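Counting from 64, one number per residue, gives the positions in the sequence shown under the working numbering.
Beta carbons are placed, not taken as given, at the ideal position from N, Cα and C, and that holds for glycine.
Note that this is a predicted model, so its numbers are computed, not measured.
Shown next, in structure tokens, is the structure this report addresses.
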Amino acid sequence: MAPPPLGFMDYLWAAFDVRWDVPGLGKMPVNKMALAGVAILGLANPGFWFVGAALEVTFLWMTSTDARFQRYVQANRMNVVSAAKNERLQAMMATLDRESTKRLETLNLNLSEINRLMDMSSEGTVQFVKETKQQTLAQLPTFFLKLLVTRRLICQSLERTDVDKLKTEIKDLTRQLDTPDLSEALGKSLRGTIEIQQRRLDNIRRAQENLKLVEMELNRIENQVQLIREEIALDRSPDAITAGIDRINATLGETAQFMDSHSEFLTRINDPAVEEGPLPIPPANLERQ
């Protein structure tokens with residue numbers, strides 16, 4: 064979920080807590096230090112308190128309403144949000160198995176190659192779409208990572224359950240239920256156990272279906288990116304590059320639609336949501352950037 068927009072009180076607090084970089088001392092809270100100085104002077108002459116209060120109100124108002132200062136506060140907040148987002152992404156990447164990590168690296172290699180091929184042309188049209196291209200290419204790995212994490216969680220869940228053993232238990236319990244002279248209490252207990260085991264079996268079947276859906280979506284993204292890379296390698300004209308960006312955008316839209324249509328399942332099984340944004344590239348891909 065995106066953080067709420069900054070309000071006047073946010074800028075006011077930022078002005079109150081403003082810090083200046085003092086050589087040798089680091090960032091010092093100059094406003095708070097000035098207030099402390101005025102408070103001490105006021106002990107000798109209370110008039111300093113009134114002067115200090117007037118100056119503080121003026122300083123806070125002028126600073127918090129200044130457009131440049133507001134942009135500075137917004138930039139700082141974006142840096143904090145971006146750092147927190149990257150930490151969550153790195154934590155998600157750390158949970159991947161070797162196969163999933165390899166698939167993510169391969170996707171990033173193909174996206175890096177698309178990026179390189181697009182940059183090889185100096186046409187004005189290509190330069191015009193460069194920013195859009197970078198934003199588009201940066202989003203796809205995040206979607207891909209979410210799907211990989213979902214796939215890992217489903218696989219782990221399935222590995223912990225022996226389907227054949229579960230089916231055998233249900234058959235044995237059903238056979239016991241048909242035993243003559245079965246007491247009412249024991250019959251009720253057996254039926255309850257059978258119902259629980261049957262629900263577990265149904266959950267496994269749904270998990271297997273969802274695993275197939277996630278795997279198909281992962282394959283679709285991989286094949287689409289591979290196709291775009293091959294097409295751009297053959298034709299780097301502005302029209303071809305623009306068409307490639309459009310196809311990547313279409314892939315993003317289709318993936319977003321897939322995740323929206325399965326949002327309940329993904330939210331239930333997945334890690335905390337991470338907003339779409341640039342994904343840290345695994346070390347194996349850094350030299351290609």
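Range of the contiguous alpha helix (DSSP H) that encloses residue i
{"i": "residue 93", "result": "93-107"}
{"i": "residue 110", "result": "110-127"}
{"i": "residue 169", "result": "161-182"}
{"i": "residue 223", "result": "Unbroken run through residue 223: none, as it is neither H nor E."}
{"i": "residue 75", "result": "71-79"}
Rounded straight-line distance, which links the Cα of residue j to that of residue i
{"i": "residue 96", "j": "residue 86", "result": "16 Å"}
{"i": "residue 80", "j": "residue 106", "result": "24 Å"}
{"i": "residue 101", "j": "residue 73", "result": "24 Å"}
{"i": "residue 130", "j": "residue 113", "result": "28 Å"}
{"i": "residue 123", "j": "residue 69", "result": "16 Å"}
{"i": "residue 98", "j": "residue 128", "result": "20 Å"}
{"i": "residue 256", "j": "residue 318", "result": "40 Å"}
{"i": "residue 259", "j": "residue 236", "result": "11 Å"}
{"i": "residue 182", "j": "residue 310", "result": "18 Å"}
{"i": "residue 242", "j": "residue 262", "result": "23 Å"}
{"i": "residue 84", "j": "residue 210", "result": "43 Å"}
{"i": "residue 136", "j": "residue 225", "result": "55 Å"}
{"i": "residue 161", "j": "residue 168", "result": "10 Å"}
{"i": "residue 254", "j": "residue 163", "result": "41 Å"}
{"i": "residue 321", "j": "residue 312", "result": "14 Å"}
{"i": "residue 170", "j": "residue 293", "result": "13 Å"}
{"i": "residue 118", "j": "residue 104", "result": "15 Å"}
{"i": "residue 88", "j": "residue 166", "result": "47 Å"}
{"i": "residue 188", "j": "residue 150", "result": "The predicted position of residue 188 is uncertain, since its pLDDT is 48 and thus under 50; a value taken from the coordinates is nonetheless stated next. Each residue's alpha carbon lies about 36 Å from the other."}
Cβ pair residue i, residue j closer than 8 Å
{"i": "residue 264", "j": "residue 229", "result": "yes"}
{"i": "residue 274", "j": "residue 218", "result": "yes"}
{"i": "residue 159", "j": "residue 215", "result": "yes"}
{"i": "residue 139", "j": "residue 288", "result": "no"}
{"i": "residue 291", "j": "residue 307", "result": "yes"}
{"i": "residue 155", "j": "residue 212", "result": "yes"}
{"i": "residue 208", "j": "residue 152", "result": "yes"}
{"i": "residue 111", "j": "residue 78", "result": "no"}
{"i": "residue 315", "j": "residue 270", "result": "no"}
Residue span of the beta strand (DSSP E) that contains residue i, given as start and end
{"i": "residue 84", "result": "83-85"}
Open item on the list: If contact is defined by three or more beta carbon pairs under 8 Å, each pair taking one atom from either stretch, is the region 197-213 in contact with the region 247-260?
Closed with: no
TODO: Decide yes or no for the touch test of the region 276-286 against the region 295-313: beta carbon pairs closer than 8 Å, at least 3 of them.
DONE: no
Open item on the list: Restricting to runs no shorter than 4 residues, where is the alpha helix (DSSP H) found entirely within the region 269-330?
Closed with: 301-324
- [ ] Just list the alpha helix (DSSP H) runs in the region 223-273, keeping only unbroken ones of 4 residues or longer that don't cross its boundaries, in chain order.
- [x] 226-240
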